[in-house]
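Worksheet: the structure to be examined is printed underneath.
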Amino acid sequence: MSDNVVLAITGASGTAYALRLTQILLRSDLHVHLIVSEAARMVSLREVGTDLPGDSAQPAQWQQFIDAAFQQPPASEWGFRELSAPVTGRLSVHRKRDYSAGIASGSFLTRGMVICPCSMGTLSSISCGASTNLIQRAADVHLKERRKLILVPRETPLSSIALENMTRLSQAGALVLPSMPGFYHQPQNLADLVDFVVARVCDQLCVPHDLMERWGAEPDDLSG
Ligand SMILES: Cc1cc2nc3c(=O)[nH]c(=O)nc-3n(C[C@H](O)[C@H](O)[C@H](O)COP(=O)(O)O)c2cc1C
Numbered sequence: 000m001s002d003n004v005v006l007a008i009t010g011a012s013g014t015a016y017a018l019r020l021t022q023i024l025l026r027s028d029l030h031v032h033l034i035v036s037e038a039a040r041m042v043s044l045r046e047v048g049t050d051l052p053g054d055s056a057q058p059a060q061w062q063q064f065i066d067a068a069f070q071q072p073p074a075s076e077w078g079f080r081e082l083s084a085p086v087t088g089r090l091s092v093h094r095k096r097d098y099s100a101g102i103a104s105g106s107f108l109t110r111g112m113v114i115c116p117c118s119m120g121t122l123s124s125i126s127c128g129a130s131t132n133l134i135q136r137a138a139d140v141h142l143k144e145r146r147k148l149i150l151v152p153r154e155t156p157l158s159s160i161a162l163e164n165m166t167r168l169s170q171a172g173a174l175v176l177p178s179m180p181g182f183y184h185q186p187q188n189l190a191d192l193v194d195f196v197v198a199r200v201c202d203q204l205c206v207p208h209d210l211m212e213r214w215g216a217e218p219d220d221l222s223g
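The sequence shown: position 157 = 156 (numbering that gives the first Met the number 0), numbered continuously.
Shown next as structure tokens:
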């Protein structure tokens, strides 16, 4: 299985999901190929109080940014558990218009692609095969190559257009995994709700984690 995972962050609400997912993937010995939309930056400013690093930022800057984001308000008040695993993965950041990036081609092998959070705008563009930026192109590649494409949309209520787009994408092979945390695991804080969704994404990518207790698992059997 390839170590390459494409992660796109778009302008739906839920920056915390993207940051937590990036943290986990980089601690799972994976090579994360990151693409960030302009709208995702606006949402990040609003939700975690800081802009995301620029396209030319080095992986170390991203790592520092993510750690800092979880250590300062508001995220420091959301109750996230520190992760004990060291960062062993790699990060490459791609510009949204760089169609010459490896991930724009089907010959570049990946374990899959996640768009988290996924805006209705990006979802709609992918559903009609627009490919007008690298996020949409890489998603299109994953669909045509029959590789895993995980979309984490967030909007409410949903218009018929959004529902039809999701159906169309699901029928084309994408996995629609809305950021809809459950409450049956008795969350104690916001981190538990974020980790619920991130855990589901990790499961789909076959990334081991211990973000939450599995339903029906023994207390000492939380991962895998
Ligand atoms: C603070 C903020 C929150 C937003 N939340 C959502 C959202 O939850 N879902 C959504 O589909 N769009 C949301 N939007 C609108 C998108 O950012 C907008 O449609 C944008 O064009 C999406 O572009 P992108 O797909 O290139 O990121 C939000 C915008 C802002 C500024």
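Every residue, glycine too, gets a C-beta built ideally from N, C-alpha and C.
Any non-hydrogen atom of ligand 1 closer than 7 Å to residue i Cβ
i, result
"residue 12", "yes"
"residue 154", "yes"
"residue 128", "no"
"residue 38", "yes"
"residue 48", "no"
"residue 88", "no"
Selection from the options that minimises the alpha carbon distance to residue i
i, options, result
"residue 64", "34, 132, 47", "47"
"residue 34", "26, 22, 1, 113", "113"
"residue 108", "29, 196, 202, 23", "29"
"residue 154", "2, 116, 88", "116"
"residue 82", "98, 118, 22", "22"
"residue 44", "142, 25, 68, 144", "68"
"residue 129", "101, 146, 10, 168", "168"
"residue 123", "58, 147, 165, 103", "165"
Contacting residues, own chain, Cβ-Cβ under 8 Å from residue i (five flanking each side not counted)
i, result
"residue 55", "92"
"residue 20", "6, 113, 115, 197, 200, 201"
"residue 184", "191, 195, 211, 212, 214"
Sequence-distant residues of its chain with Cβ nearer than 6 Å to residue i (five each side left out)
i, result
"residue 189", "77"
Distance CB(residue i)-CB(residue j) smaller than 8 Å
i, j, result
"residue 88", "residue 5", "no"
"residue 38", "residue 51", "no"
"residue 235", "residue 0", "Residue 235 lies beyond the stretch modelled for the chain, which goes from 0 to 223, so this question has no answer here."
Residues near residue i in its chain [Cβ-Cβ closer than 7 Å; skip 5 each side]
i, result
"residue 178", "13, 16, 116, 151, 153, 196"
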